[in-house]
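Engineer: Take this structure first; my questions come after.
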Amino acid sequence: MSTVLDTRSFLRWGWRQLTSMRTALILLLLLGVAAIPGSLFPQRTQNPMQVRQYFIDNPAVAPWLDRIKFFEVYSSPWFSAIYLLLFISLIGCVLPRTIEHAKAIGAKPPLTPKFLDRMEHFTEIKKVDLDVIENYLRKKRYRVRREAGSISAEKGYLRESGNLLFHLSLVMILIAVGVGSLFGMKGDAILNVGDRFVNTPTSYDSLGFGKYQSENTMQPFAIQVVDFQAKYDPATNSPLDYTLKVRVANPYGATQVEKTVKVNSPLKLGSTNVYLQANGYAPIVIVKDKSGKIIFNGPTTFLPQDGNLTSTGAIKIPDMSPQIGFVSSFLPTADRDPVRGGFSSYPEVLDPKLLVSVWKGDLGLNSGVAQSVYRIDTSKMERIGLKALVLNEPYDFGEGSITFTGWNS
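The following block contains the structure:
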């Protein structure tokens with residue numbers, strides 16, 4: 011019996027501790043601390059391109075950070091545990107207070123004490139008209155209760171109502187996060203202008219389903235990227251507006267409808283929202299062999315490195331003999347610094363250049379080891395050329411030629 015009582019007492023004590031306002035504040039602080047890695051490290055749900063670049067730049071550290079979910083902080087088990095405890099704490103703390111507050115609002119003010127002189131603070135006023143006092147109190151927005159020979163009044167419920175409303179809002183946010191993690195789906199895909207996207211798992215670069223979602227619940231639609239326009243502030247180089255023009259077939263096979271997507275105005279297709287998250291460039295090149303035969307002609311997606319969209323990438327040509335790789339940087343508005351070298355001074359394409367370092371040898375594509383599409387392992391290759399390409403000017407690197415012909419957004 012004592013063991014049962016001790017267990018019950020311990021559980022009651024634990025519940026009281028968990029549902030105290032002090033614990034809720036501590037958990038709220040912990041939630042803020044736990045969110046710090048989400049601001050220090052790129053997140054897959056927000057910018058998958060930066061996550062890929064982090065893996066490229068930090069091959070030793072990135073896998074360990076990925077194991078502890080530093081690239082998916084807000085869906086990690088440890089972050090979820092904190093906000094689940096915070097949710098329980100707020101429910102246990104706020105709901106009883108809300109019920110008591112609602113009862114207090116509906117009840118009349120308490121009667122005036124018979125012996126005011128027994129109270130710590132009181133003032134006695136003789137020969138006063140109760141009607142005058144009642145009118146004065148009502149003008150001051152007091153809740154008034156008048157009985158024979160006495161008036162009682164109280165106020166201050168609005169402040170408590172605001173306090174409870176704030177905490178109830180936190181509860182609703184936590185509920186929304188929980189529902190989203192159970193019934194939601196998040197995916198990312200990099201598209202160039204002209205690309206067609208079909209809402210299937212294989213079309214995504216990264217894809218995650220909630221507990222009660224799967225590929226069978228994905229809405230059937232297709233998107234054709236028509237045009238992308240970005241406007242920047244010439245004084246600060248910061249973006250002013252992004253506009254994406256698309257054609258949508260919802261569901262598959264339906265008549266295409268033109269739609270516009272902006273950063274804060276997603277494309278809504280039933281229960282699915284399509285967001286515009288980030289932008290960059292995909293340089294278009296033509297690569298020919300020694301005989302002049304075109305081996306490659308098309309865009310290659312590059313990763314932005316800064317706010318001015320200096321972008322890096324790799325163009326791999328395995329069909330040439332020997333195999334050729336271009337380690338490249340795309341500069342939308344090319345500039346040069348004695349220390350930094352080539353860089354972009356503005357994010358819009360005003361004076362584009364494509365810097366290429368040409369390598370020949372084994373690209374390692376048949377080694378069975380996974381490699382990044384944005385980087386080339388040059389350990390078994392020989393550099394045979396280095397050039398800053400301008401538009402439509404071919405560069406002969408001995409084993410063939412490359413021409414920078416344009417770019418896609």
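Residues in the sequence shown are numbered consecutively from 11, following the working numbering.
Every residue gets a Cβ at the ideal spot worked out from N, C-alpha and C, and that includes glycine.
#1: Give a yes or no on whether the C-beta atoms belonging to K165 and Y152 are separated by under 8 Å.
#2: Measure the alpha-carbon distance for G374 versus D387 and round it to whole angstroms.
#3: Can you tell me which of the three DSSP states M195 falls into?
#4: Quick check: what's the CA-CA separation for P211 versus S419?
#5: Within 8 Å, do at least three Cβ pairs link the region 125-136 to the region 56-65?
#6: What do you get for S49, buried or exposed, if any count of 16 or more other CB atoms within 10 angstroms of its CB means buried?
#7: What residue from D127, N289, G323 has the CA that sits closest to V366's CA?
#8: Mind checking P357: buried by the 16 CB within 10 Å criterion, or exposed?
#9: Which two residues bound the contiguous beta strand (DSSP E) that contains L250?
#10: Over what stretch of residues does the beta strand (DSSP E) that includes L364 continue unbroken?
#11: Can you tell me the Cβ-Cβ gap for L319 and G290, rounded? I've got them flagged as a contact below 8 Å.
#12: To the nearest angstrom, how far is it from the Cα of L399 to the Cα of I294?
#13: Return the first residue and the last residue of the alpha helix (DSSP H) that K113 is part of.
#14: Given 8 Å as the limit, is there contact between the region 201-208 and the region 228-237, that is, 3 or more CB pairs closer than that?
#15: Let me confirm a value: A186 is counted as buried when at least 16 other C-beta atoms fall within 10 Å, else exposed. Which label applies?
#16: According to DSSP, is D237 helix, strand or coil?
#17: I92: buried (16+ other C-beta within 10 angstroms of its C-beta) or exposed?
#18: By the DSSP assignment, the alpha helix (DSSP H) with D329 in it spans what residues?
#19: By Cβ distance, which residues of its chain are closer than 8 Å to T108, with the 5 residues on each side in sequence left out?
#20: Just tell me which of K326, D347, I327, Q315 has its CA closest to the CA of F340.
#21: Can you find the residues in the same chain that come closer than 6 Å, C-beta to C-beta, to A273, ignoring five residues on each side of it along the sequence?
#22: Count the other CB atoms, across all protein chains shown, that sit within 10 Å of the CB of Y437; report buried if there are 16 or more and exposed otherwise.
#23: List the endpoints of the continuous beta strand (DSSP E) containing G351.
#24: Among G317, G280, G220, P348, whose alpha-carbon lies nearest the alpha-carbon of T246?
#25: Would the beta-carbon of G423 fall within 8 Å of that of V368?
#26: Who does G218 pair with in a DSSP beta bridge?
#27: Return the bridge partner residues of R153 from the DSSP annotation.
#28: Going by DSSP in three states, E268 sits in which element: helix, strand or coil?
#29: Quick check on this structure: which residue in T270, A344, S389 has the alpha carbon closest to the alpha carbon of P362?
#30: Touch check for the region 92-105 and the region 17-24: three-plus C-beta pairs under 8 Å?
#31: One question on the structure: do Q223 and M195 come within less than 8 Å of each other, judged by their Cβ atoms?
Structural biologist: In terms of the structure at hand:
#1: By one-based count along the sequence shown, residue 165 stands at place 155. By one-based count along the sequence shown, residue 152 stands at place 142. The answer is yes: Cβ separation under 8 Å.
#2: Within the sequence shown, residue 374 is the residue found at index 364, counting from 1. Within the sequence shown, residue 387 is the residue found at index 377, counting from 1. Each residue's alpha carbon lies about 7 Å from the other.
#3: Within the sequence shown, numbered from 1, the residue matching residue 195 stands at position 185. In the three-state DSSP reduction, M195 falls in the strand class (E or B).
#4: Against the sequence shown, residue 211 aligns to sequence position 201. Against the sequence shown, residue 419 aligns to sequence position 409. The straight-line gap from Cα to Cα measures roughly 23 Å.
#5: With fewer than three CB-CB distances shorter than 8 Å, the region 56-65 does not count as touching the region 125-136.
#6: Position 39 of the sequence shown holds residue 49. Its Cβ having fewer than 16 others within 10 Å, S49 is exposed.
#7: Sequence index remark: in the sequence shown, residue 366 carries index 356 (1-based). Checking every option, the nearest Cα to that of V366 belongs to G323.
#8: Stepping through the sequence shown from its first residue, residue 357 is reached at position 347. P357 should be labelled buried.
#9: Looking up residue 250 in the sequence shown gives position 240. Segment 249-259, the beta strand (DSSP E) holding L250.
#10: If you number the sequence shown from 1, residue 364 lands on position 354. Taken as a continuous stretch (DSSP letters only), the beta strand (DSSP E) holding L364 covers 363-371.
#11: To locate residue 319, count along the sequence shown from 1; it is residue 309. To locate residue 290, count along the sequence shown from 1; it is residue 280. With a Cβ gap of about 6 Å, L319 and G290 count as contacting.
#12: On the sequence shown, residue 399 is found 389 positions in, with the first residue counted as 1. On the sequence shown, residue 294 is found 284 positions in, with the first residue counted as 1. Spanning the two alpha carbons is a distance of roughly 12 Å.
#13: As a working note, residue 113 is residue 103 in the sequence shown. Note, K113: alpha helix (DSSP H), 87-116.
#14: yes
#15: For the purposes of this step, residue 186 is identified with residue 176 of the sequence shown, where counting begins at 1. Residue environment: A186 is assigned as exposed (fewer than 16 neighbouring CB atoms within 10 Å of its CB, all protein chains considered).
#16: As a position in the sequence shown, residue 237 is number 227, starting the count at 1. The answer is strand: DSSP assigns D237 an E or B state.
#17: By 1-based counting over the sequence shown, the position of residue 92 is 82. Burial call: buried.
#18: On the sequence shown, position 319 is the one that residue 329 refers to. Counting along the chain, D329 falls outside any alpha helix (DSSP H), and DSSP gives it neither H nor E.
#19: In the sequence shown, residue 108 corresponds to position 98, counting from 1. For T108, where only same-chain residues beyond five positions count, the Cβ hits under 8 Å are L174, L178.
#20: If you number the sequence shown from 1, residue 340 lands on position 330. Of the candidates K326, D347, I327, Q315, the one whose C-alpha sits nearest the C-alpha of F340 is Q315.
#21: Within the sequence shown, numbered from 1, the residue matching residue 273 stands at position 263. Just to set this straight, residue 273 is Val in the shown sequence, not Ala. Y252, L286, listed in sequence order.
#22: As displayed, the chain neither begins before 11 nor continues past 419, which places residue 437 out of reach and without an answer.
#23: In the sequence shown, residue 351 corresponds to position 341, counting from 1. That run of the beta strand (DSSP E) goes 351-354.
#24: The sequence position of residue 246 within the sequence shown is 236, counting from 1. Nearest of G317, G280, G220, P348 to T246, Cα basis: G317.
#25: Residue coverage of the chain in this structure runs from 11 to 419, which leaves residue 423 outside it and unanswerable.
#26: Indexing the sequence shown from 1 puts residue 218 at position 208. Answer is K196.
#27: In the sequence shown, the residue the question calls residue 153 occupies position 143. E164, per the DSSP bridge assignment.
#28: Start at 1 with the first residue of the sequence shown, and residue 268 comes out as number 258. Residue state, collapsed to three classes: strand.
#29: Locating residue 362 in the sequence shown gives position 352, where the first residue counts as 1. It is A344.
#30: no
#31: Within the sequence shown, numbered from 1, the residue matching residue 223 stands at position 213. Within the sequence shown, numbered from 1, the residue matching residue 195 stands at position 185. Yes; because the gap between Cβ atoms is below 8 Å, this pair is in contact.
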